[in-house]
Structure formats: C-alpha cells, structure tokens
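Trainee: After the structure tokens below, expect a handful of questions from me.
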Amino acid sequence: MEFDTSKILLREAVCEVLMELAKEDPSIVVLDADLMNASGLSRFAKEFPGRAFNCGIQESNMVGVAGGLSAMGYVPLVHSFAAFAARRTTDQVFLAGVYGHHNLKILGTDPGACGTSNGGSHMALEDIGIMRSMAGVTVVDFTDEAMVRSVLPQIMKTPGVCYIRLFRKTKRKVYPDGTQFTLGKAYTARNGKDVAILAEGAVMVPEALKAAALLEEQGISARVVDLFTIKPLDVQAVVKAAKETGAVLTAENHNIYNGLGSAVAEVLAEQGIGVPFARVGFQDTVGETADMDYIMKKFGLDYQTIAAKAKELVRLK
Amino acid sequence: MNQRTVMELKRFATQIRLESILSMGACGSGHVGGVLSAADLVAVLYGLEACYDPKDPHKEDRDRIVLSKGHCGPVLYAALALKGFFPKELLSTLNQNGTTLPSHCNMHDTPGIDMSTGSLGQGASLAAGIALGMRMKGLQDRYTYLILGDGECDEGQVWEMALFAAQQKQDNLIAFVDLNHQQLDGYTDDICGLGDLRQKFQDFGWWAVQIDGHDVEAIHQAIQDAKTHKGVPSVIVLDTVKGKGWSVTEGKPGVHHIPISKEQMEQARQELGAQIAALEEQLEGEELDGI
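Going line by line, the protein sequences match chains A and B.
Its first residue numbered 4, the first sequence is counted upward by one per residue in this note's numbering.
Its first residue numbered 15, the second sequence is counted upward by one per residue in this note's numbering.
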C-alpha cells in the first residue's frame with residue numbers, strides 16, 4: 004500500500020488553508036518561534052506581512068503574546084515543534100490560553116516518531132497527554148491533506164484553545180480529495196468486524212491500514228477508525244467499534260500513557276465494555292535519532308506489530 | 015502638575031491603601047507588602063493617566079492595564095471600586111467563596127480587569143500581545159500599561175518579552191517595575207540579585223528611567239517622558255518600599271503575605287483615615303484660597 008502520493012507536503016496544505024482563511028478573516032494572525040521555514044509559514048508571512056510575527060526562539064513569550072492578541076480580538080495560531088509547542092509552554096498554554104478563555108491555536112509539528120533526525124530531544128511523546136489534561140482544550144492530529152483542508156477551517160472558526168499535531172514533511176494521502184470530516188467525529192477509514200484498530204495521525208492511520216491489509220490475508224477482518232480528534236473524543240464511535248467488533252487496539256504516535264490509548268480505555272471502562280484491549284505506541288520510553296522505518300520497528304509502532312497485537316486480541320475474544 | 019492635583023492623587027493613593035488593607039483584612043490576610051508599594055503608581059494610572067470608562071469597561075478605545083504581579087489584585091480592586099467600576103462594599107468579599115475578586119486577577123470575574131494573571135512573568139508577554147493588537151487595530155494614543163514586580167524579573171519570560179517588545183518597536187507599551195527590594199523569601203539581593211534593572215532594560219533596547227516610586231508627580235512626569243520616546247518600549251523602574259504607607263508594614267521585612275487582625279484593620283482606619291482627613295482639609299483650604 005502506497006500512502007505518500009499527495010502532490011504537496013502537509014505543511015504546505017496547512018499554510019494554503021490558513022492563507023485562504025486569512026483572506027476572508029482579518030483576525031487570523033500567525034506567530035512562529037524561528038521555525039517559519041520549517042513550518043512553511045514563511046509563505047503566509049510574505050502574503051500577510053503585518054499579520055505574521057517571528058518571535059525568535061522564545062516559545063513561552065510567543066504563547067503569551069498570542070493570548071494578548073486574542074484579548075484584542077485576533078485569532079492567533081502559534082507554531083513550534085511539538086516538543087516545544089507543548090512541553091515547553093505548558094504553563095503559558097494554561098494561563099495565556101485556557102484560564103484567560105483566549106482563542107489560541109497551537110500547531111505542534113513533527114510529534115513523536117516524526118522527530119527522526121532531530122532525535123529524542125525533539126520527540127514529543129507527551130504532548131497529547133499535556134494538552135488533553137487541560138480544561139476544554141481540543142486536540143487534533145491530522146492524517147492527510149484532505150483532512151487538513153476539511154478540518155483546519157473548522158478549528159480556526161471554533162473559539163477556544165486547540166492543539167494541532169502535524170507531521171509536516173510528509174505527502175501522506177489516505178483519503179480521496181474532497182473527503183469531508185467533522186471536528187470531534189471519528190472517521191471510519193476501513194470497515195471490518197473482527198477487531199477495531201483505533202488510530203490517530205499521519206503516522207499511525209496509514210500503518211493501521213497496512214496492518215488491516217495484512218490481517219485480511221490471514222483471514223481477519225479489521226476495522227480502522229481514525230480518531231483524529233483525540234479530545235473531545237467521539238465516545239459513540241469508540242463504543243460502536245468496541246461493541247460491533249468485540250476487540251479494540253489503539254495505535255498512537257505517542258507514549259501509551261495519557262494519549263489516545265488512555266482516552267479510549269477511559270471510555271471502555273466507564274461504559275463497562277470489557278472487550279480485549281491493547282495499546283500500540285511508545286512503551287513509556289524516550290525516542291532516539293534514527294530514520295522513520297527504524298523508529299517504527301524499534302518502538303513497536305510498525306504495521307507488523309499492530310497486526311500481531313490485533314491477532315492476539317482476536318484470539319482472546 | 016499643580017499642587018491640587020498632587021494632593022488629590024496622594025489622597026487617592028491613601029484611599030487605595032486603606033481600602034485594600036480592609037479588603038485583605040476581611041479575609042484575614044493578603045499580599046500586603048506588594049499591594050502597598052504599588053499604590054502610588056495605581057493612583058496615578060487610575061486617577062490621571064489611563065483612559066477608561068467605568069460604565070463600559072470593555073470599550074475598545076481605552077488603555078489597558080496588566081498587573082503581571084497578579085497576586086496584588088487588591089490594589090487594583092480598591093482603585094476600581096473607588097472609580098465606580100463596582101460597589102465599594104464588594105471589596106470585603108475578596109477571596110471569599112464565590113468571589114468576583116480573587117486576589118490573583120481574573121479578567122472574567124472582575125469588571126475593569128484587562129487580563130488574567132497570576133503566573134509570574136506571563137503578564138509581560140500578554141501585555142506585549144495586547145499592545146501589538148492595539149497597534150494593528152490602529153488605536154492611536156492608547157497605551158498598554160504593564161506592572162511588573164521586581165522579584166518577578168527573576169522569570170526568564172520577562173526578558174524574552176523585553177527582546178520581543180524592542181524588536182517590535184512597541185512604543186505603545188509602558189512597563190513599570192515595582193522595585194520594592196523584597197520577594198517572598200526575603201530581600202531580592204539575597205535570593206537572586208537583579209543588579210541594575212534600569213540599565214538591563216536599556217541594554218535590551220528600551221527607554222528606561224528610575225524614579226522615586228512614591229512620588230506621584232515624578233510618576234506622572236516619567237509617563238509623559240515615556241510617551242515622547244517613539245519606536246521603543248518604555249520602562250519606569252519605581253524605587254519603592256515594600257509595605258509603604260502603613261506603619262504596621264512599611265520598611266519591615268517579611269511583609270510579602272501576612273495575616274491582618276481586626277485590631278490592625280481598626281488601626282489602619284485610624285492611621286490612614288487621619289491622613290486622608292488631613293489631605294482633605296488641605297484640599298478644602300486650597301479651594302478657599304482660590305476664592
């Protein structure tokens with residue numbers, strides 16, 4: 004299965020959507036922390052020079068400035084690598100975002116395994132956990148270009164704090180152009196009846212689909228549900244998948260603690276759904292410098308591991 | 015500034031001190047030292063400099079005041095009540111269950127509070143963001159006034175903002191540092207020495223001046239001077255005394271956060287009440303002289 008067939012990188016799709024929105028909505032502004040060339044927002048800055056601010060390498064101040072801009076009626080989107088956009092600015096996101104009821108969009112690029120050559124220091128394996136534990140924060144991980152085009156406008160038009168994870172330098176294409184998604188609603192990427200793989204993001208949704216194809220060869224029908232909105236989680240979709248398939252495997256580009264797997268486990272426990280359940284993700288470890296294939300295999304995020312775990316869950320039913 | 019205005023501002027500052035002591039006393043304790051050291055600045059801002067409308071606290075065409083040393087909320091609440099943003103009786107509900115006056119400022123609780131603060135250093139960046147937004151909106155002759163504590167300047171975020179504001183040429187941002195020389199655990203020089211704050215800000219590209227932070231006339235003049243410096247943010251370092259203006263606390267160590275007894279509240283009523291009465295007498299004398 005080939006997923007890298009998009010014509011543009013995901014970061015280019017994000018920038019294009021922001022520029023389209025900014026033409027109509029003068030309140031949209033972007034801020035970056037000396038990573039405008041990495042985020043691709045330099046293009047936005049050229050198009051809207053008075054509405055893009057390169058703050059330098061100071062993520063904490065950047066988030067605070069964004070809070071102040073929000074108080075003046077602007078809709079700021081701030082960018083840094085996920086490691087710094089989330090880990091380094093946690094208290095700022097709280098006070099200058101959540102507590103002040105500000106309208107703040109945080110773009111964290113290259114979460115988890117996407118850190119590759121930047122290595123373990125740059126691998127955010129905690130960002131979903133940090134953000135989803137803060138009151139009212141929406142957490143999204145984009146899967147592909149079609150999703151960016153459909154969901155990013157919804158995010159920018161929804162007041163409040165939203166944390167967006169983005170694999171910036173990928174041409175992942177999972178869904179047909181023009182596919183419509185709804186913020187907060189899961190999307191069934193593949194139907195199946197024996198086990199449900201609940202996955203998030205441009206790294207793990209394609210991997211889950213590859214695993215489902217492998218399982219099919221082995222006579223197992225796996226459903227793949229894209230939980231791109233990690234918070235608020237689509238509780239009904241989780242319940243439906245669990246009840247209809249009888250086995251749930253989560254797949255996340257994140258530590259297994261406090262991420263998608265934890266969020267799904269909370270739903271299953273609260274709903275009293277005692278189906279076989281397991282989590283694929285970083286197993287409470289830090290990352291390291293390597294290429295993507297190596298990282299996926301070493302940390303057990305690859306489709307073979309997903310398929311093996313899914314098969315085991317089916318056996319336990 | 016004429017002498018009458020000076021006396022009026024002194025009276026306002028003393029009223030702010032008394033009302034904030036009484037509001038903190040009503041809940042038994044408070045950040046008395048830093049509230050009292052900032053009272054003269056707050057009196058100048060709300061008594062003379064700032065553009066605001068108590069009947070329309072969210073009016074877009076107004077100045078913004080960000081109290082980054084957010085634990086000193088009571089000093090703003092006293093000024094806001096005295097200026098009619100809300101009834102003075104509300105001051106005694108400070109920090110009580112269900113209050114709209116939390117000692118750390120919350121813009122959604124209290125009319126007239128322009129920014130939620132409480133995590134030190136963050137108000138600096140929030141103020142810079144407001145100033146940026148004011149400029150983008152074309153609000154001419156409007157300013158963002160940022161009040162920092164000296165202990166707060168331990169925070170790296172203050173200095174991130176200092177670089178940013180200079181880079182953005184934020185001449186609509188006027189910051190104050192309440193240099194009262196003490197932080198929670200003791201004297202700033204003994205904990206994390208700040209050196210020459212005025213010089214530091216100047217080195218960061220700001221127009222910077224240091225003055226007597228209890229001299230209302232000097233504060234007013236420094237603000238006028240700041241407004242003439244275009245293309246750079248301004249900082250006015252206010253040399254102050256922690257706990258200023260109340261014999262129980264003025265110049266004493268360990269007054270960052272203290273209990274206030276009913277007896278001390280009564281003592282404050284007597285002491286500061288007498289000062290207010292004396293200033294009023296002088297003001298009345300002025301009026302008679304004028305006739």
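Quick reminder that beta carbons are idealized off the backbone N, C-alpha and C, glycines included.
As the structure is a prediction and not an experimental result, all values here were calculated from the model.
What does A:R193 pair with, by DSSP beta-bridge criteria?
Mentor: The residue labelled residue 193 of chain A in the question sits at position 190 within the first sequence. Answer is A:V227.
Trainee: Check whether the Cβ atoms of B:A138 and B:P247 lie closer than 8 angstroms to each other.
Mentor: The residue labelled residue 138 of chain B in the question sits at position 124 within the second sequence. The residue labelled residue 247 of chain B in the question sits at position 233 within the second sequence. No. Outside cutoff.
Trainee: Does the region 118-136 of chain B come into contact with the region 215-226 of chain B, if we say contact requires no fewer than three beta-carbon pairs (one atom in each stretch) closer than 8 angstroms?
Mentor: Short answer: they don't touch.
Trainee: Are A:S45 and A:E148 closer than 8 angstroms when you measure CB to CB?
Mentor: The residue labelled residue 45 of chain A in the question sits at position 42 within the first sequence. The residue labelled residue 148 of chain A in the question sits at position 145 within the first sequence. In this structure, A:E148 does not lie closer than 8 angstroms to A:S45 by Cβ.
Trainee: With 8 angstroms as the threshold, decide whether the Cβ of B:I144 is near any Cβ in chain A.
Mentor: Looking up residue 144 of chain B in the second sequence gives position 130. Yes, its Cβ sits closer than 8 angstroms to a Cβ of chain A.
Trainee: Specify the secondary structure class of B:P273 as computed by DSSP and reduced to three states.
Mentor: As a first step, residue 273 of chain B must be located in the second sequence, where it is residue number 259. Here B:P273 sits in strand by DSSP.
Trainee: Quick one: is A:P29 buried, meaning 16 or more other Cβ sit within 10 Å of its Cβ, or exposed?
Mentor: The sequence position of residue 29 of chain A within the first sequence is 26, counting from 1. It counts as exposed.
Trainee: Listing by chain order, which chain A residues have their CB less than 8 angstroms from the CB of B:A141?
Mentor: Locating residue 141 of chain B in the second sequence gives position 127, where the first residue counts as 1. Going along chain A in sequence order, the residues near B:A141 (Cβ under 8 angstroms) are G71.
Trainee: Would you mind sorting B:I144 into buried or exposed? The rule is 16 or more other CB atoms within 10 Å of its CB.
Mentor: Here residue 144 of chain B refers to the residue found at position 130 of the second sequence. Looking at its Cβ environment, which holds 16 or more other Cβ atoms inside 10 Å, B:I144 is buried.
Trainee: What does the alpha-carbon distance come out to for the pair A:G76 and A:N57?
Mentor: Indexing the first sequence from 1 puts residue 76 of chain A at position 73. Indexing the first sequence from 1 puts residue 57 of chain A at position 54. C-alpha separation (whole angstroms): 20 angstroms.
Trainee: What residue ranges within the region 227-266 of chain B form continuous beta strand (DSSP E) runs of no fewer than 3 residues, ordered along the chain?
Mentor: Taking only runs of at least 3 residues, the beta strand (DSSP E) segments lying wholly in the region 227-266 of chain B are 248-253.
Trainee: Given a cut-off of 8 angstroms on the beta-carbon distance, is the pair A:V143 and A:V164 in contact?
Mentor: By one-based count along the first sequence, residue 143 of chain A stands at place 140. By one-based count along the first sequence, residue 164 of chain A stands at place 161. In this structure, A:V164 does not lie closer than 8 angstroms to A:V143 by Cβ.
Trainee: Which of the three DSSP states is assigned to B:R78 in this structure?
Mentor: What you label residue 78 of chain B is simply residue 64 of the second sequence in a count that begins at 1. In this structure, B:R78 counts as strand in the three-state DSSP scheme.
Trainee: Counting beta carbon pairs with one atom in the region 283-290 of chain B and one in the region 25-36 of chain B, are three or more of them shorter than 8 angstroms?
Mentor: The region 25-36 of chain B is in contact with the region 283-290 of chain B.
Trainee: Which one of B:E174, B:V89, B:D70 and B:C65 has the shortest CA to CA distance from B:R76?
Mentor: For the purposes of this step, residue 76 of chain B is taken as residue 62 along the second sequence, with counting starting at 1. Nearest C-alpha to B:R76: B:C65.
Trainee: Starting from A:R168 and walking both ways along the beta strand (DSSP E), at which residues does that stretch end?
Mentor: Taking the first residue of the first sequence as position 1, residue 168 of chain A is located at position 165. First-last of the beta strand (DSSP E) with A:R168: V164 to L169.
Trainee: Kindly provide the ranges of any alpha helix (DSSP H) runs that are 4 or more residues long and lie completely inside the region 64-147 of chain A, ordered along the chain.
Mentor: Correct list: 93-96 and 130-135.
Trainee: Return the CA-CA distance between A:V228 and A:A205, expressed in angstroms with no decimal places.
Mentor: As a working mapping, residue 228 of chain A is identified with position 225 in the first sequence. As a working mapping, residue 205 of chain A is identified with position 202 in the first sequence. Approximately 13 angstroms, taken between the alpha carbons.
Trainee: Examine chain A for any beta-carbon lying closer than 8 angstroms to the beta-carbon of B:G147, and answer yes or no.
Mentor: Against the second sequence, residue 147 of chain B aligns to sequence position 133. Yes, its Cβ sits closer than 8 angstroms to a Cβ of chain A.
Trainee: When you compare the region 277-294 of chain A with the region 116-130 of chain A, are there three or more beta-carbon pairs, one atom per stretch, that lie closer than 8 angstroms?
Mentor: Yes, the region 277-294 of chain A touches the region 116-130 of chain A.
Trainee: If B:A57 and B:S106 are in contact, beta carbons under 8 angstroms, what's the gap, nearest whole angstrom?
Mentor: Locating residue 57 of chain B in the second sequence gives position 43, counting from the first residue. Locating residue 106 of chain B in the second sequence gives position 92, counting from the first residue. The Cβ separation is near 21 angstroms, so there is no contact.
Trainee: What residue range is occupied by the uninterrupted beta strand (DSSP E) comprising A:A199?
Mentor: Looking up residue 199 of chain A in the first sequence gives position 196. It spans V198 to A202 - the beta strand (DSSP E) in which A:A199 sits, taken as one unbroken run.
Trainee: Quick one, which of B:V80, B:K266, B:I250 and B:L187 has its alpha-carbon nearest B:G257's?
Mentor: Here the question's residue 257 of chain B lines up with position 243 in the second sequence. Residue B:K266 is the option with its Cα nearest to B:G257.
Trainee: Sorted by chain position, which residues of the same chain lie with C-beta nearer than 7 angstroms to B:T261's C-beta, five sequence neighbours on each side aside?
Mentor: The residue you call residue 261 of chain B lines up with position 247 of the second sequence. Note that residue 261 of chain B is Ser in the sequence shown here, rather than Thr. Around B:S261: E285.
Trainee: Determine whether the beta carbon atoms of A:A216 and A:V198 lie at a separation below 8 angstroms.
Mentor: As a position in the first sequence, residue 216 of chain A is number 213, starting the count at 1. As a position in the first sequence, residue 198 of chain A is number 195, starting the count at 1. In this structure, A:V198 does not lie closer than 8 angstroms to A:A216 by Cβ.
Trainee: Grab me the residues of A:H105's own chain with a C-beta within less than 6 angstroms of its C-beta, minus the 5 sequence neighbours each way, in chain order.
Mentor: Numbered from its first residue, the first sequence carries residue 105 of chain A at position 102. Cβ within range, chain order: G70 and S73.
Trainee: Smallest Cα separation from A:E23: which of A:H257, A:F6 and A:S153?
Mentor: Taking the first residue of the first sequence as 1, we reach residue 23 of chain A at position 20. It is A:S153 whose Cα lies nearest to the Cα of A:E23.
Trainee: Quick one: what's got a C-beta closer than 7 angstroms to B:E294's C-beta in the same chain, skipping five residues either side?
Mentor: If you number the second sequence from 1, residue 294 of chain B lands on position 280. Counting only Cβ-Cβ distances below 7 angstroms, and skipping sequence neighbours, we find R25.
Trainee: B:K151 touches chain A at which residues, Cβ-Cβ below 8 angstroms?
Mentor: Here residue 151 of chain B refers to the residue found at position 137 of the second sequence. Per Cβ cutoff of 8 angstroms: M75 and G76.
Trainee: B:V89 and B:S34: beta carbons closer than 8 angstroms?
Mentor: Within the second sequence, residue 89 of chain B is the residue found at index 75, counting from 1. Within the second sequence, residue 34 of chain B is the residue found at index 20, counting from 1. Cβ atoms of B:V89 and B:S34: closer than 8 angstroms.
Trainee: Give me whichever residues DSSP pairs with A:F56 in a beta bridge.
Mentor: What you label residue 56 of chain A is simply residue 53 of the first sequence in a count that begins at 1. A:F56 pairs with A:L34.
Trainee: Whole angstroms are fine: how far does the CA of A:K196 sit from the CA of A:I259?
Mentor: Along the first sequence, read from residue 1 onward, the residue named residue 259 of chain A stands at position 256. Along the first sequence, read from residue 1 onward, the residue named residue 196 of chain A stands at position 193. Roughly 25 angstroms between the two C-alpha positions.
Trainee: Output needed in chain order: residues of the region 287-305 of chain A with a Cβ under 8 angstroms from some Cβ in chain B.
Mentor: Within the region 287-305 of chain A, no residue qualifies.
Trainee: For A:G67, tell me which candidate among B:P125, B:M175 and B:N111 has the shortest Cα-Cα distance.
Mentor: Here residue 67 of chain A refers to the residue found at position 64 of the first sequence. Of B:P125, B:M175 and B:N111, the residue nearest in Cα terms is B:M175.
Trainee: Are the C-beta atoms of A:C58 and some chain B residue less than 8 angstroms apart?
Mentor: Along the first sequence, one-based indexing puts residue 58 of chain A at 55. Yes, A:C58 lies at the interface with chain B (some Cβ there is under 8 angstroms from its Cβ).
Trainee: Which chain B residues sit within Cβ distance under 7 angstroms of A:A48?
Mentor: As a working mapping, residue 48 of chain A is identified with position 45 in the first sequence. Here the premise fails: no neighbours, minimum Cβ distance about 14 angstroms.
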